[in-house]
Amino acid sequence: MKTMTKLVSTFAVSLLLAACSAKSPEDTAQKFVSEIYNGNADAVVAMVHLDDADKQKPGVQEMLSGKIKAGVAEQKAFAEQQGGVESITAEPAAIDPKDNNRANVNVKTQFKSGKTHTDRVRLISVDGTWKIRL
């Protein structure tokens, strides 16, 4: 019985992780912008790529997390002032011709107030998963 429970739990976690990982740079960029305007700072932090050298430096992760959380709160407030987000669409990715693991995606946000905003999101593929490149 314990083996069956472990097997089901492992399968459920695998499905959850697969659902959370975006398969394309466009999906990742769109989700990133959506999480920002929804105020989900923890999800935004999790999507950002930090290279191994920076991870080893004391305080870098905490500083980055703090700055991202402040920026997310500011953008959420802006979205609320605009009456919320109407839609978020990603244009096709521009893959770097010198490095297929890097891409840029323009993401257009339409607010309920009628205002639009376009963000250029820089991405990097790390172990098959697209992450945000700052």
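Going by the working numbering, the sequence shown opens with residue -9, and the numbers climb by one from there.
Yeah, the Cβ is synthetic: ideal placement off N, Cα and C, and Gly gets one too.
In the three-state DSSP reduction, Ala43 falls in the helix class (H, G or I). Ranked by how close their Cα comes to the Cα of Asn28, the residues Leu124, Ile122, Arg110 and Phe101 have Phe101 in first place. The residue among Thr79, Ala36, Ala67 and Leu124 with its C-alpha nearest the C-alpha of Thr106 is Thr79. Here the stretch 82 to 98 lies against the stretch 16 to 23, with 3 or more beta-carbon pairs under 8 Å apart. Counting of Cβ neighbours within 10 angstroms places Pro15 among the buried residues, the total reaching 16 or more. Taking a C-beta distance under 8 Å as the contact criterion, Val50 and Asp44 qualify as a contact pair. Along the stretch 33 to 107, the beta strand (DSSP E) occurs as fully enclosed runs of 3 or more residues at 75 to 80, 84 to 86 and 89 to 101, listed in sequence order. If you draw a straight line from the Cα of Thr108 to the Cα of Asn30, it comes to about 19 Å. Per the C-alpha coordinates, the member of Met37, Ser77, Ala63 and Ser55 positioned closest to Ser103 is Ser77. For Asp17, the secondary structure class from DSSP, reduced to helix, strand or coil, is helix. Residue pairing from DSSP places Asp109 in a beta bridge opposite Val97.
Between Val23 and Val116, the gap from beta carbon to beta carbon reaches 8 Å or more. Within the model, the alpha-carbon separation for Leu40 versus Gln65 is close to 22 Å.
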